[in-house]
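Asks: First the structure, which I've put down as structure tokens, then a few questions once you've had a look.
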Amino acid sequence: MSEVPTSPPLAMSNPLLTGEPKRFSVKSDLAHWGVLYGASGLFALICAVFLISIVVSSIPAWRHSGLSIIYGRVWSQGSNSFGALPIIAGTLATTAIALFFAIPIGIGAALAIVHVLPDRLRIVLSSLVELLAAVPSVVYGLWGLLVLAPWFENTVEPGLARITGSKFPFQAPPEGVSLLLAGCVLFIMILPMIVALSRDAISVVPHEQFEGALSVGATKWQVVRKVVLPGARTGVVGAVTLATARALGETVAVAMVIGLNPLFPSSLFSTASTLASTIALQFQDATPLQVAALGALALILMAMTAIVNWFGRRLISASAFRAGVV
Numbered sequence: 165m166s167e168v169p170t171s172p173p174l175a176m177s178n179p180l181l182t183g184e185p186k187r188f189s190v191k192s193d194l195a196h197w198g199v200l201y202g203a204s205g206l207f208a209l210i211c212a213v214f215l216i217s218i219v220v221s222s223i224p225a226w227r228h229s230g231l232s233i234i235y236g237r238v239w240s241q242g243s244n245s246f247g248a249l250p251i252i253a254g255t256l257a258t259t260a261i262a263l264f265f266a267i268p269i270g271i272g273a274a275l276a277i278v279h280v281l282p283d284r285l286r287i288v289l290s291s292l293v294e295l296l297a298a299v300p301s302v303v304y305g306l307w308g309l310l311v312l313a314p315w316f317e318n319t320v321e322p323g324l325a326r327i328t329g330s331k332f333p334f335q336a337p338p339e340g341v342s343l344l345l346a347g348c349v350l351f352i353m354i355l356p357m358i359v360a361l362s363r364d365a366i367s368v369v370p371h372e373q374f375e376g377a378l379s380v381g382a383t384k385w386q387v388v389r390k391v392v393l394p395g396a397r398t399g400v401v402g403a404v405t406l407a408t409a410r411a412l413g414e415t416v417a418v419a420m421v422i423g424l425n426p427l428f429p430s431s432l433f434s435t436a437s438t439l440a441s442t443i444a445l446q447f448q449d450a451t452p453l454q455v456a457a458l459g460a461l462a463l464i465l466m467a468m469t470a471i472v473n474w475f476g477r478r479l480i481s482a483s484a485f486r487a488g489v490v
């Protein structure tokens, strides 16, 4: 009696499961991998050309001023003095103010949309968040200049000065346009991004985990703190990272409300300047050396953004490692 031939198991016949090297079995496979490799190579080439062009364009400024571009305290195009430390400080200060308000409010709003609000209100607020995220930055800047600046000058800044007795960080005379106003406008701009991305991350945490924690006697706050937020940590960190990068690089809205003063800010009421706004507003009619100095500012801004992205990735990796250990 002859034996019936049997087919090999799936794991033995599938090169993806057995670890065998990939083979292009048909022409369509070859075309598929060619497109993928070509797209990734083109992307890497574009990034390399962009970075190299910025570096090359900034070389005359580095030769003229050296590392004093980073730590110098005087920025004056008229005298070809290019010290960007006050501008870097203004960039970091406005971003810090925006994140100080946006992170707790944004994550709290995302938690409320997913786990607290009724369905009808949840849909309305989700649509509103997406609408605000799509508003152009110039609209936020115009609103800040026409509506918020007079209110800050006449009400908010005098009130803060009275609370602290006109001491640090509210010791300067109220001017309306200021470092504080720019930070608040940035806060309103990045808030929808944090809410939308955090909401998406929180909504994918399995509802069974939420219900299971409640069934064993945990309060809603304990469930949010020990189940929901740890499960959505990667998405929330990504949302904050993207919001930080946008705050660092925002140009038009900040330029309209910060005062464009390239001096080291001594108070939150002081006028200041940021890297992106300086690049945008001083590029026109600039000499070749001044253009190179602005290229150096662009390089500094790219480095700051890269550090933020690296730090965000480190936080995500650390979170994933702790989750795997537990």
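If you're matching positions, the sequence shown starts at 165 in this note's numbering and goes up one per residue. Ideal Cβ positions, reconstructed from N, Cα and C, are used throughout, including at glycine.
1. From the DSSP secondary-structure annotation, give me the bridge partner or partners of S221.
2. Work out the CA separation of F433 and P333 for me, nearest whole Å.
3. Taking the C-alpha atoms as reference points, what is the distance between H196 and L206?
4. Kindly indicate which three-state DSSP category P430 falls into: helix, strand or coil?
5. Who are the near neighbours of T255 in its chain, counting only those whose CB is closer than 8 Å to its CB and skipping five residues on each side?
6. When you compare each of G347, K390, L215 and I354 to I366 by their alpha carbons, which one comes out closest?
7. If you measure from the beta carbon of W474 to each beta carbon in chain B, is any gap under 8 Å?
8. For S481, which residues in the same chain have their Cβ closer than 8 Å to its Cβ, ignoring the five residues on either side in sequence?
9. Using DSSP with H/G/I as helix, E/B as strand and the rest coil, what is A346?
10. Exposed or buried, which one is G202 when buried takes at least 16 other CB atoms within 10 Å?
11. Quick one: is P282 buried, meaning 16 or more other Cβ sit within 10 Å of its Cβ, or exposed?
12. According to the neighbour-count rule (16 or more other Cβ atoms, all chains shown, within 10 Å of its Cβ), is V380 buried or exposed?
13. Cα-Cα, which of F265, P370, E317 and I327 is closest to G347?
14. Output yes or no for whether 8 Å exceeds the beta carbon distance between A417 and M357.
15. To the nearest whole angstrom, what separates the beta carbons of G305 and V349, a pair I think is in contact under 8 Å?
16. Out of G376, E339 and T398, state which residue places its alpha-carbon closest to the alpha-carbon of V368.
17. How would you label A450, buried or exposed, when you count the other beta carbons within 10 angstroms and need 16 or more for buried?
18. What first and last residue would you give for the alpha helix (DSSP H) that runs through L406?
19. Which class does F207 belong to by DSSP, given the choice of helix, strand or coil?
20. Please name the residue, chosen from I233, Q241, V303 and A260, that lies closest to L249 on a Cα-to-Cα basis.
21. Examine the Cβ distances between the region 312-319 and the region 218-230 and report whether three or more of them are shorter than 8 Å.
22. I need the straight-line Cα distance from S166 to D193, nearest angstrom please.
23. Count the other CB atoms within 10 Å of the CB of F188; is the residue buried (16 or more) or exposed (fewer)?
24. My output table needs one value for S330: the three-state DSSP class, helix, strand or coil.
25. Please classify L200: is it buried, with 16 or more other beta-carbons within 10 angstroms of its beta-carbon, or exposed?
26. Do you know offhand how far Q241's Cα is from G459's?
27. Just mark R477 as buried or exposed, buried being the case when its beta carbon has 16 or more other beta carbons within 10 Å.
28. Could you name the residues of the same chain whose beta carbon sits closer than 7 Å to that of K384, not counting the 5 residues immediately before and after it, in chain order?
29. Just to check my reading of the structure: L445 and L427 have Cβ atoms closer than 8 Å, yes? What is that Cβ distance to the nearest angstrom?
30. By how many angstroms is the C-alpha of A382 removed from the C-alpha of P277?
31. Who pairs with F475 in a beta bridge, going by DSSP?
Replies: This is what the structure gives:
1. As a first step, residue 221 must be located in the sequence shown, where it is residue number 57. According to DSSP, S221 bridges with nothing at all.
2. As a working mapping, residue 333 is identified with position 169 in the sequence shown. As a working mapping, residue 433 is identified with position 269 in the sequence shown. Spanning the two alpha carbons is a distance of roughly 8 Å.
3. Residue 196 sits at position 32 when you count from the first residue of the sequence shown. Residue 206 sits at position 42 when you count from the first residue of the sequence shown. Near 15 Å, if we compare the C-alpha coordinates of L206 and H196.
4. On the sequence shown, residue 430 is found 266 positions in, with the first residue counted as 1. Correcting the residue type first, residue 430 is Ser in the shown sequence and not Pro. Looking at S430 - three-state DSSP - the assignment turns out to be coil, as it is neither helix nor strand.
5. Counting from 1 along the sequence shown, the entry for residue 255 is found at position 91. Excluding positions up to five away in sequence, the list reads L412, T438, L439, A440, L465 and M468.
6. To locate residue 366, count along the sequence shown from 1; it is residue 202. Of the listed residues, the one whose Cα sits closest to I366 is K390.
7. In summary, chain B is missing from the structure at hand, where a single protein chain is found.
8. Taking the first residue of the sequence shown as 1, we reach residue 481 at position 317. There are no such residues.
9. Along the sequence shown, one-based indexing puts residue 346 at 182. Helix at A346.
10. Along the sequence shown, read from residue 1 onward, the residue named residue 202 stands at position 38. Exposed, because fewer than 16 other Cβ atoms sit within 10 Å of the Cβ of G202.
11. Here the question's residue 282 lines up with position 118 in the sequence shown. P282 should be labelled exposed.
12. Locating residue 380 in the sequence shown gives position 216, counting from the first residue. Exposed, by the Cβ-count rule.
13. As a position in the sequence shown, residue 347 is number 183, starting the count at 1. The shortest C-alpha separation from G347 is found at F265.
14. Taking the sequence shown and counting its residues from 1, one reaches residue 417 at position 253. Taking the sequence shown and counting its residues from 1, one reaches residue 357 at position 193. Against a cut-off of 8 Å, the Cβ pair of M357 and A417 comes out as no contact.
15. The residue you call residue 305 lines up with position 141 of the sequence shown. The residue you call residue 349 lines up with position 185 of the sequence shown. Yes, G305 and V349 are in contact; Cβ-Cβ is about 7 Å, under 8 Å.
16. Taking the sequence shown and counting its residues from 1, the one referred to as residue 368 is at position 204. Of G376, E339 and T398, the residue nearest in Cα terms is T398.
17. Looking up residue 450 in the sequence shown gives position 286. Flag for A450 reads exposed.
18. Residue 406 sits at position 242 when you count from the first residue of the sequence shown. Its alpha helix (DSSP H) spans residues R397 to G413.
19. As a first step, residue 207 is located in the sequence shown; it is residue number 43 there, counting from the start. It is helical.
20. Within the sequence shown, residue 249 is the residue found at index 85, counting from 1. The shortest C-alpha separation from L249 is found at I233.
21. no
22. Residue 166 sits at position 2 when you count from the first residue of the sequence shown. Residue 193 sits at position 29 when you count from the first residue of the sequence shown. Legend: pLDDT at S166 = 48, less than 50; position of this residue unreliable, value from coordinates given subsequently. S166 and D193: Cα-Cα distance of roughly 39 Å.
23. As a first step, residue 188 must be located in the sequence shown, where it is residue number 24. Confidence in F188 is poor, its pLDDT being 48 and thus under 50, which makes the residue's placement unreliable; the coordinate value appears in the next sentence. By the neighbour-count rule (16 or more Cβ atoms within 10 Å), F188 is not buried but exposed.
24. Against the sequence shown, residue 330 aligns to sequence position 166. DSSP places S330 in coil when its eight states are reduced to three.
25. The residue you call residue 200 lines up with position 36 of the sequence shown. Exposed: under 16 other Cβ atoms inside 10 Å.
26. Reading the sequence shown from its first residue, position 77 is the one you call residue 241. Reading the sequence shown from its first residue, position 295 is the one you call residue 459. Each residue's Cα considered, the two are about 14 Å apart.
27. Taking the first residue of the sequence shown as 1, we reach residue 477 at position 313. So R477 counts as exposed.
28. The residue given as residue 384 occupies position 220 in the sequence shown. Counting only Cβ-Cβ distances below 7 Å, and skipping sequence neighbours, we find nothing.
29. Here residue 445 is taken as the residue at index 281 of the sequence shown, counted from 1. Here residue 427 is taken as the residue at index 263 of the sequence shown, counted from 1. Not quite, the Cβ-Cβ distance comes to about 15 Å (not below 8 Å), so this is no contact.
30. As a first step, residue 277 is located in the sequence shown; it is residue number 113 there, counting from the start. As a first step, residue 382 is located in the sequence shown; it is residue number 218 there, counting from the start. A small correction: the amino acid at residue 277 is Ile; Pro does not occupy that position in the sequence shown. Distance between the alpha carbons of I277 and A382: 21 Å.
31. Counting from one through the sequence shown, the residue named residue 475 turns up at place 311. DSSP lists no partner for F475.
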